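So the sequences go chain by chain: A and B. Just so it is clear: in the first sequence, position 163 is 162 by numbering that gives the first Met the number 0, and no numbers are missing. Just so it is clear: in the second sequence, position 6 is 5 by numbering that gives the first Met the number 0, and no numbers are missing.
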Amino acid sequence: MSAQFSGYSADPRIRWTEWLPWIAAIAFFFLLPGYLSLGARILIFILFALSLDLILGYAGIVTLGHSAFFGLGAYTAGALGAHTGVTDPFAQLAAAAALSALLGVATGAVILRTRALTLLMLTLAITAILLEIANKWTSMTGGADGLAGVKVDPILGWFRFDMYGKTAFFYCLAVLFAGWWVVRRIIYSPYGAMLTGIRENTARMNAIGAPVYWRLVLIYTISATMAGIAGALLTQVNQFVGLNVLGLEPSGDVLVMLILGGVGRLYGAFIGPVVYLIAQDYLAKQYPEYWFLGIGILLIIVVLFARGGVLGILDNVFARNKKAL
Amino acid sequence: MYSLETKKLCKSFGALVVAQNIDFRLAPGDRHALIGPNGAGKTTFVNMLTGALAPSSGRIFLNDQEITRTNQSTRVRAGLGRTFQVTSLFRSLPVLDNVALAIAERSGVAPRLWRAASSYKDVIAESQNLLAELGIADDAATRVADLPYGKQRLVEIAIALGLKPKVLLLDEPAAGVPSHESERILATLEKLPSDIAILIIEHDMDLVFRFARRITVLVQGTVLVEGTPEEIARDKRVHQVYLGEQAHA
C-alpha cells in the first residue's frame with residue numbers, strides 16, 4: 000500500500016490495495032453503527048494528517064503549527080453557521096478553505112524563508128497567536144466556552160446531520176475521498192517529484208534552477224487549504240467549536256498520528272489517525288487519567304523500533320516475504 | 000562576446016580574503032581549467048559564479064548580461080550549469096529521476112501538478128538518451144545511493160547536461176574516482192557539444208592537461224597566471240606554488 004515513491008519512474012495507476020481503506024470505511028459503517036461519530040472524527044483527522052504529510056512527508060517542511068489552519072477553518076465554519084446565517088455546508092467549507100489558503104500564503108511567504116528550529120518556532124508562534132485571538136474575541140468565537148449553536152443545513156438539501164452520525168460519516172468520507180484524490184494527483188505529478196527533490200537535496204534543486212521558495216509556498220498553501228477544510232468538517236459534524244482546535248496540542252496530535260502511520264507514505268496518514276484515535280478512545284475509557292501515557296508508550300515504541308511507522312513495518316514484512324519467495 | 004566574464008571579483012569573510020580582483024573570461028566553446036593548491040579559492044569562485052555565494056565586490060556577466068545580483072535559479076535558466084565538488088544528488092531516487100528532475104525544470108514541466116510525471120514521455124526519453132550517451136543507461140532504475148562513486152559522478156554530469164547549459168562549471172568531476180573511471184569521465188567530457196563553454200576545476204593534472212586548451216592558476220584568491228597548457232607547464236611560478244608541491248608529494 001505504500002506510495003512512498005513518486006516521480007518519473009513511478010506507476011501512477013491505482014493499485015488494488017489502495018482501495019482497501021475505502022472498503023474498510025464502508026464496512027465500518029455497516030459493522031459498527033454505534034461508533035459512527037468516532038468514525039467521522041477519524042476521517043476528519045485522516046484529512047488533517049494528509050494535509051500535514053503533503054508538507055512534512057513530501058516537501059520536508061517541519062511544523063508544529065499546522066493547527067493554525069485547522070483551527071481557522073473550524074472557526075470560519077462555526078462563525079458563519081452561528082453568526083451570519085451562512086448555513087450551507089459547502090459554502091462553509093469553501094469559506095474555510097479560502098481563509099485558510101489566505102493564511103497559508105501569507106504566513107508561508109514569511110516563514111518559509113527560514114529553516115529548521117527557526118521555522119519550527121515560527122509555526123508554533125502562528126498557532127499560539129491564533130489561539131489567543133480565539134480566546135479573547137469572545138463575541139465571535141465564544142472564547143473559552145466555545146462556540147455553540149452552529150447551524151448547518153442538510154447536505155445537498157436532503158441529508159440532515161443525525162444524532163447517530165450516519166450523514167456525518169458519509170459526508171466526511173466523501174470530502175476525504177476528494178482530498179485523497181487531489182493529494183495523490185499532486186504527489187505523482189512533476190510537481191510532486193520536484194517536492195521530493197527539494198526534500199532530498201534543496202541545494203541541488205536550487206542548482207538545477209528550481210525556484211524552491213515559491214514552490215514551497217505553493218504546497219504550504221495547498222496543505223493549509225486542506226487542513227482548513229478538515230477543521231470546518233469537525234465544526235459541522237459537532238456543530239460546536241472550542242479552543243482545542245488551535246495551539247500546540249492539536250498540532251502535536253496530528254504529528255504523532257502521522258509518525259505512527261508513517262511519514263511521506265500517503266497511506267501513513269490513513270493508518271496513524273485510526274491507531275491514535277482508537278487507542279485514545281479505548282484508553283480514555285479504561286484509564287481516564289492516564290490515557291496519554293498509553294499514547295506516549297506507543298509513540299516511543301514506534302520511534303525506537305519502527306521509524307517508518309506502521310506502514311514501515313508492513314513494508315519490511317512484505318520485503319522479507321518477497322525475498323523468501 | 001564572452002559566455003562568462005568576471006571583472007575584479009572579490010570575496011572576503013571578515014578579514015579573510017578568499018578572492019581578490021579576479022578577472023576571468025570564457026568564450027563559447029572554450030575548454031578552460033582552473034587549478035591551484037588547496038584553499039586557493041577555486042570553489043569559492045565557482046560558488047560566486049553560480050550565485051550560491053554573493054561576491055563582496057566586482058561583477059559577473061553571462062553572455063554579456065550582468066548576473067552579479069541575480070539568484071541561482073535565474074542564472075541556471077540563463078544557461079549556467081554546474082556540478083559539485085562533493086557529489087550532490089537525490090540519493091534515494093532512481094538515476095532516471097535524478098536526470099528527469101533537471102530536464103523537467105529546464106523544459107517547464109516541473110511546476111505542473113495534475114498529470115502524472117511518468118506520462119511526460121519526452122522528459123523520460125530525453126533522460127534515457129542522456130544516460131545512454133554517458134554510458135549509464137543500464138543503471139536508470141537503480142537508486143543513486145546504490146551506485147558506485149564513479150557512476151555517481153557521471154550522474155552529476157548528466158544532471159548538469161540535462162539543463163542544456165551554455166556554460167558548464169565542473170567542480171572536480173574526477174575527485175575520489177578510480178583512475179580507470181576518470182578516463183571514462185574524460186571521454187565523456189571530450190564528447191560534449193563543442194558550443195558549450197566548459198570550466199573545469201580539477202586536481203588531477205593528467206586530466207587537466209589532456210582536456211583544457213587554456214588554464215588559469217589561482218593562488219590565495221588571485222590569478223597567478225593564465226595560458227595554454229604548454230605555457231603553464233613551463234611557468235616556474237606554477238612549478239613553485241603548485242606543481243612543485245606535487246613533485247614533492
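Yeah, the Cβ is synthetic: ideal placement off N, Cα and C, and Gly gets one too. No experiment lies behind these values; they were computed from the predicted model shown.
Same chain only: Cβ atoms within 7 Å of residue i, ignoring 5 sequence neighbours per side
i, result
"A:A127", "G246"
"A:Y187", "S5, A9, P11"
"A:Y7", "A192"
"B:K150", "I135, D138"
"B:C9", "A18, Q19, N20, P54, S55, S56, G57"
"B:R114", "none"
"B:V108", "Y119, V122"
"A:L175", "L42, I45, L46"
"B:P164", "G78, L79, G80, I195"
"A:V104", "V216, T220"
"A:V301", "I258, L259, G308"
Whole-angstrom distance between residue j and residue i, CA atom to CA atom
i, j, result
"A:Y170", "A:V182", "19 Å"
"A:Q91", "A:G156", "14 Å"
"A:R14", "A:L265", "13 Å"
"B:N70", "B:G50", "6 Å"
"A:L37", "A:A58", "30 Å"
"A:E199", "B:S91", "8 Å"
"A:I327", "B:S72", "Residue 327 of chain A lies beyond the residue range present for chain A, which begins at 0 and ends at 324; the question has no answer from this structure."
"A:G85", "A:A96", "The question names Gly, but residue 85 of chain A is Val in the sequence shown. Going from the Cα of A:V85 to the Cα of A:A96 covers about 15 Å."
"A:I60", "A:L257", "14 Å"
"B:M0", "B:A26", "7 Å"
"B:L3", "B:V45", "12 Å"
"A:V109", "B:E182", "48 Å"
"B:K41", "B:Q219", "9 Å"
"B:E230", "B:Q84", "27 Å"
"B:A101", "B:V143", "15 Å"
"B:A248", "B:P228", "Bear in mind that the predicted position of B:A248 carries a pLDDT of just 44, short of 50, making it unreliable; the figure below should be weighed with that in mind. When rounded, the distance between both Cα atoms is 21 Å."
"A:L129", "A:Y289", "29 Å"
DSSP-derived helix/strand/coil call for residue i
i, result
"B:P172", "coil"
"A:A67", "helix"
"B:H202", "coil"
"B:R81", "strand"
"A:L102", "helix"
"B:A140", "coil"
"B:N128", "helix"
"B:K7", "strand"
"A:V85", "coil"
"A:V302", "helix"
"B:Q17", "What sits at residue 17 of chain B in the sequence shown is Val, not Gln. Strand."
"B:R74", "helix"
"A:Q3", "Caution is warranted here: a pLDDT of 43 is assigned to A:Q3, below 50, making its placement in the model unreliable, and the coordinate value is therefore given only provisionally. A:Q3 falls in the coil class under three-state DSSP."
"A:I154", "strand"
"A:V216", "helix"
"B:A246", "Annotation note: pLDDT 48 at B:A246 (below 50); position unreliable, coordinate value reported separately. Helix at B:A246."
"A:D10", "coil"
"B:I197", "strand"
Own chain, CB closer than 8 Å to residue i, minus 5 neighbours either side, in chain order
i, result
"B:G226", "R213, I214, D234"
"B:M130", "Note that residue 130 of chain B is Leu in the sequence shown, not Met. So the qualifying residues of the chain are V94, L95, V98, A136, D138, A139, A157."
"A:R40", "L233, V236, L276"
"A:R112", "Y212"
"B:G28", "S193, D194, I195, A196"
"B:P172", "T82, R152, E155, I156, I184, L188, I199, E201"
"A:A133", "G70, Y74, T140, G142, L242, L245"
"A:L286", "This sequence places Tyr at residue 286 of chain A; Leu is not what is there. Taken in chain order, the residues that qualify are L292, G293."
"A:A209", "M193, G196, I197"
6 Å CB neighbourhood of residue i in its chain, flanking five on each side removed
i, result
"A:P20", "F269"
"A:L63", "L119, T122, L123, S250"
"A:T106", "I125"
"A:G56", "V262, G263"
"A:Y190", "none"
"A:L340", "No answer is possible for residue 340 of chain A: the residues shown for chain A start at 0 and end at 324."
"B:I66", "I59, R74"
"B:T141", "V94"
"B:A39", "L217, V218"
Beta-bridge partners of residue i, as assigned by DSSP
i, result
"B:N225", "A quick correction: the sequence has Glu, not Asn, at residue 225 of chain B. Looking at the DSSP assignment, B:E225 forms a beta bridge with B:T215."
"A:V328", "Residue 328 of chain A cannot be examined here, being either before or after the span of chain A that is shown, 0 to 324."
"B:I34", "B:V216"
"A:Q235", "None; A:Q235 has no bridge partner."
"B:S56", "B:C9"
"B:P164", "None; B:P164 has no bridge partner."
"B:P93", "B:R142"
Cβ separation of residue i and residue j, assumed to be a contact under 8 Å, to the nearest whole Å
i, j, result
"B:L217", "B:L33", "6 Å"
"A:I43", "A:L233", "5 Å"
Any C-beta of chain E under 8 Å from that of residue i
i, result
"A:Y7", "Chain labels in this structure do not include chain E; the protein chains are A and B."
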